[in-house]
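Asker:
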Amino acid sequence: MTTTDLHVYDTTLRDGSQREGLSLSVEDKLAVASHLDSLGVGYIEGGWPGANPKDEAFFRRAAAGDLSLQHATLAAFGATRKAGVVAADDPQVRALVDAQTPVVTLVAKSHTGHVERALRTTLEENLAMVRDTIEFLRGEGRRVFLDAEHFFDGYFLDRDYALAVVTAAAAAGAEVVALCDTNGGMLPVRLADVVNDVVQRLGDTGTRVGIHAHDDTSCAVANSLAAVQAGATHVQGTANGYGERAGNADLFSIVAGLELKLDLPVLPEGAISELVRVSHAIAELANIAPDDHQPWVGASAFAHKAGLHASALKVDPDLYQHTDPAIVGNDMRVLVSELAGRASIELKARELDIEVDREAVGRVIEKVKYLEAGGYTFEAAEASFELMLREEVEGQRYRPFVLESYQVVADSDSRGGMACNATVKILVGEDRLVAAGEGNGPVNALDMALRHALTRYYPELGKLELVDYKVRILEGAHGTGAVTRVLVRTSNGEREWDTVGVDENIIEASWQALDDSYTFGLLKSVG
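Position one of the sequence shown corresponds to residue 5 (our numbering), numbered consecutively onward.
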């Protein structure tokens, strides 16, 4: 197969936007479409014109030139005509023409129960709705794809009728008939048998068979790949698997599977290396934190923790990786924890470009195990680990400043409000600094005081921003005197890093994490 033999069709802007908590503005939708186009997908479904003002505005701006696509073809989504209405007179069908997209994707019922109980019409009228709408849109110069909704459930309820729907669509001129596992209940082997049956039925018509899978049984990607192996030549998905309920098939996993596991090129040459970038860019636009454990593109997708794995990776990375992560724009990472062995530390040092000897590795292993027994976690705080590793290798800790003492005072008023003030005494070389800060909590106040003290010496601290703060009560410790672990994530606008602190006092634990965060940021700014 070549890129022309297999359609990759994205439906993030329509089906993906049905995810709970996901709302894209028109500007967001235009930006998402641009990112998908830069990846090289073949088709981008922009939404449902006529269904809501936002989608109407998107198509209007796209037609006006606000969306310039280099690779993808834009599609508008809608339904077949209503029962008893002429297609040309149906306002929603007319809106599909007015969207001015080269492709129109229609949804149609292929399940007898849905036809009779949801559409409340006859089986014959439903077939006429499919035929009439496709023929009308073809007459308007549009390419037409059909999504056969609830196809697999309908197939097992009444195979003859489900096949009659897709046959009618093909006869009317649909280029693609996509079989939808709308409820997400199918498993790969059974789904592949159905797809193959439809491929055989439509073989002489020239109409492509496609797949549109949902992830309710956690099989959407597997079902999509199985459908392609069974003869489907059109596959639909969404960025990062966004979608209603458990989501849709993750387009990025589908593309990676097709190209790297089935040897089916579906993107322009070299574009597969953009998967991580595009995945994270769209997550940012969707205001959804990237899933670290997402296959292929997640930060942990090629992260290794077990000492046994690290020993093998040191010999050959392929021994515990199914592919080279760089192919999709990702990186191998070695996590350091109490499970770490000598190979884990050596690989991590190599990753950080730090030369280590056998004695230093031994000291680091013992220190990690000791500290993690006390509640620290370095796999989630790699910046703190790097500072510790450098200290063991270099014989001393990098200290751009030294804390002499701090004080935090919290005042509450009669209205339930609270103001926190912090004072820090810091040494920078020979200079002793005293600074105060006010914040909406003790950690924020400490952060502000530290900034006030150090900015004159280190103006680059003005770029640092605390972007996440997490507190956890450690297992086995209860009550107000329990040991707490604080994780802080900091950004300088170009990269992010995580640091950790542990103490019975949450403010002290927070200080430790802040101290590491600022120290690491300054280390990288001078390095």
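Ideal placement from N, C-alpha and C gives every residue a C-beta, glycine not left out.
How many angstroms separate the CA atom of L195 from the CA atom of A236?
Answerer: Near 11 Å, if we compare the C-alpha coordinates of A236 and L195.
Asker: Taking the CB atoms as reference points, tell me whether L10 and L268 lie closer together than 7 Å.
Answerer: Yes, the pair counts as a contact, with Cβ atoms nearer than the cut-off.
Asker: Ordered along the chain, which non-local residues of its own chain (more than five positions away) have a Cβ less than 6 Å from that of S388?
Answerer: For S388, where only same-chain residues beyond five positions count, the Cβ hits under 6 Å are T503, V504 and D520.
Asker: With DSSP run on the structure shown, which of helix, strand or coil describes K429?
Answerer: DSSP places K429 in strand when its eight states are reduced to three.
Asker: Here's a check: name, in chain order, each residue in its chain whose Cβ is nearer than 7 Å to the Cβ of Y159, leaving out the five neighbours to either side.
Answerer: So the qualifying residues of the chain are A166 and V198.
Asker: Could you give the distance in angstroms between the alpha-carbon of A61 and the alpha-carbon of G51?
Answerer: The alpha-carbon atoms of A61 and G51 are separated by roughly 10 Å.
Asker: Going by DSSP, what residues sit across from I215 in a beta bridge?
Answerer: Its beta-bridge partners are L183 and V239.
Asker: Taking the beta carbon of G188 as the centre, do at least 16 other beta carbons fall within 10 Å, making it buried, or is it exposed?
Answerer: Answer is buried; the Cβ neighbour count reaches 16.
Asker: If S257 sits next to V225, beta carbons under 8 Å apart, how far is it from one beta carbon to the other, in whole angstroms?
Answerer: Indeed, because the Cβ distance is near 5 Å, the residues count as touching under 8 Å.
Asker: At what residues does the alpha helix (DSSP H) containing Q96 begin and finish?
Answerer: Per DSSP, Q96 belongs to the alpha helix (DSSP H) from P95 to D102.
Asker: State the DSSP-derived secondary structure class of L343, mapped to helix, strand or coil.
Answerer: With a pLDDT of 49 at L343, under the threshold of 50, the predicted position of this residue should be treated as unreliable, and no value is reported.
Asker: Taking Cβ positions only, does E386 come closer than 7 Å to chain B?
Answerer: This model lacks chain B altogether; it includes just one protein chain.
Asker: Using DSSP with H/G/I as helix, E/B as strand and the rest coil, what is N252?
Answerer: If DSSP states are grouped into helix, strand and coil, N252 belongs with the strands.
Asker: Out of T125, V89, A67 and T116, state which residue places its alpha-carbon closest to the alpha-carbon of D102.
Answerer: Ranking T125, V89, A67 and T116 by Cα distance to D102 puts A67 first.
Asker: I'd like to check one pair, A449 with V428: are the Cβ atoms closer than 7 Å?
Answerer: Against a cut-off of 7 Å, the Cβ pair of A449 and V428 comes out as no contact.
Asker: Measure the C-alpha to C-alpha separation of E359 and Y380 and round it to an integer number of angstroms.
Answerer: Cα to Cα, the separation comes out at about 24 Å.
Asker: From D361 to Y374, what does the alpha carbon distance come to, in whole angstroms?
Answerer: So the two alpha carbons sit approximately 20 Å from each other.
Asker: Only counting the same chain, and skipping five residues up and downstream in sequence, which positions put a Cβ closer than 8 Å to that of D70?
Answerer: Contacts found: L34.
Asker: So, under 8 Å CB-CB, L264 and C223 are touching, yes? Tell me the CB distance rounded to an integer number of Å.
Answerer: Actually they do not touch by this definition, with Cβ atoms about 19 Å apart.
Asker: What distance in whole Å lies between the Cβ atoms of A260 and L229, which are believed to be in contact at a cut-off of 8 Å?
Answerer: With a Cβ gap of about 10 Å, L229 and A260 do not count as contacting.
Asker: Which whole runs of the beta strand (DSSP E) in the stretch 32 to 76 are 3 residues long or more, in chain order?
Answerer: List check, beta strand (DSSP E) in window: 47 to 49.
Asker: Would you check if the distance between the CB atom of A80 and the CB atom of T116 is smaller than 7 Å?
Answerer: Against a cut-off of 7 Å, the Cβ pair of T116 and A80 comes out as no contact.
Asker: Can you tell me which residues form a DSSP beta bridge with K113?
Answerer: BP columns for K113 point to E153.
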